[in-house]
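A.B. asks:
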Amino acid sequence: DDRGTRKPSFCIITVAASRQIQNIHPRMPAILPDTRSMDRWMGTASPPASLIDILKPYEGRLEAFPVSTIVNSPKIDLPECIKRITL
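All residue numbers for the sequence shown refer to our numbering, where the first residue is 1045 and numbers rise by one.
1) Does A1074 come out as helix, strand or coil in the three-state DSSP assignment?
2) Closer than 8 Å by C-beta to M1072: which residues in its own chain qualify, once you throw out the five before and the five after it? Chain order, please.
3) Excluding five sequence neighbours on each side, which residues of the same chain lie with their C-beta closer than 7 Å to the C-beta of I1075?
4) What residues in its chain sit with their C-beta under 8 Å from that of R1186, if we drop five residues either side in the sequence?
5) Inspect the beta-carbon positions of I1114 and I1120 and report whether they are closer than 8 Å.
6) Does DSSP put T1058 in a helix, in a strand, or in coil?
7) By Cβ distance, which residues of its chain are closer than 6 Å to I1056, with the 5 residues on each side in sequence left out?
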């Protein structure tokens, strides 16, 4: 803030959706695929601009299934948000 006080915060970095996810949404959270990428991202040796190459659609195995629309509410944080439902 204006007084130099640090506040915990985060952001979700998105990338174009992988082939598996494209039919659900055009974007997806960036997923670092391996320990080397994680170390580069968390380290201080790499200039931020040099990290762009690791931010790409994750093509590893992902599982997608329908869930309740309650997942859309930022006010609801319950296990039911990610429980598989039958359509």
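Positions of the beta carbon are idealized from the N, C-alpha and C atoms, including for glycine.
C.D. replies: Per the coordinate set shown:
1) By one-based count along the sequence shown, residue 1074 stands at place 30. Judged by DSSP in its simplified three-state form, A1074 adopts coil rather than helix or strand.
2) On the sequence shown, residue 1072 is found 28 positions in, with the first residue counted as 1. Hits under 8 Å: T1058, V1059, A1060, A1061, S1062, I1065, P1101, Y1102.
3) Along the sequence shown, one-based indexing puts residue 1075 at 31. The answer, listed in chain order, is Y1102.
4) There is no way to answer for residue 1186, as the model of the chain reaches only from 1045 to 1131.
5) The residue you call residue 1114 lines up with position 70 of the sequence shown. The residue you call residue 1120 lines up with position 76 of the sequence shown. Yes, the pair counts as a contact, with Cβ atoms nearer than the cut-off.
6) Within the sequence shown, the letter at position 14 stands for residue 1058. Assigned with DSSP and collapsed to three states, T1058 falls in strand.
7) As a working mapping, residue 1056 is identified with position 12 in the sequence shown. So the list reads P1073, once near-sequence residues are dropped.
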